[in-house]
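The structure under discussion appears below in the form of structure tokens.
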DNA sequence: TTTCTCACA
DNA sequence: TGTGAGGA
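Residue numbers (the working numbering): 382 to 509.
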């Protein structure tokens, strides 16, 4: 699943293509970059190159704008998103707490119990 | 031709 | 946010 992520983050689209894909003006696209809502890369000629992820981000921004959210508000949304990401990363570094261990063990038991005839038929019916 | 930066009769 | 200038 990493190959796909790499492709989506490959900056290969010039601003003209992005304009058509997002229906945004070049002015707007550049302005959003100034507001650090998107961070396109630059090629050897100082031209902005966008990735598919950037396209998604721009479309998302457009949606927020339609919902009446201003630049400041959108910035806050992404700040929140980054803050939560940082939290997840930090959580991955920590050793498991007792509560985590208990939760994992419980899930293990549930999984084993899930092999009973009753749940097998349930799974079967659910999938078809 | 397309995109860049800068600035505002 | 639009638009035009002047350059690459």
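Glycine included, every Cβ here is placed at the ideal spot set by N, Cα and C.
query, result
"Have a look at residue 433 and residue 389 and give me their C-alpha separation to the nearest angstrom.", "5 Å"
"Quick check: the region 447 to 457 against the region 474 to 488, are at least 3 beta-carbon pairs closer than 8 Å?", "no"
"Answer with buried or exposed for residue 431, where buried requires no fewer than 16 other C-beta atoms within 10 angstroms of its C-beta.", "buried"
"Would you say the region 408 to 426 touches the region 461 to 469, given that touching needs at least three Cβ pairs under 8 Å?", "no"
"Mapping the DSSP letters down to three states, classify residue 428 as helix, strand or coil.", "coil"
"Do residue 392 and residue 400 have their CB atoms nearer than 7 Å?", "no"
"So what does residue 395 bridge to, in DSSP terms?", "430"
"Please identify the residue among 457, 412, 405 and 467 whose C-alpha is closest to the C-alpha of residue 440.", "405"
"Which residues does DSSP list as the beta-bridge partners of residue 423?", "429"
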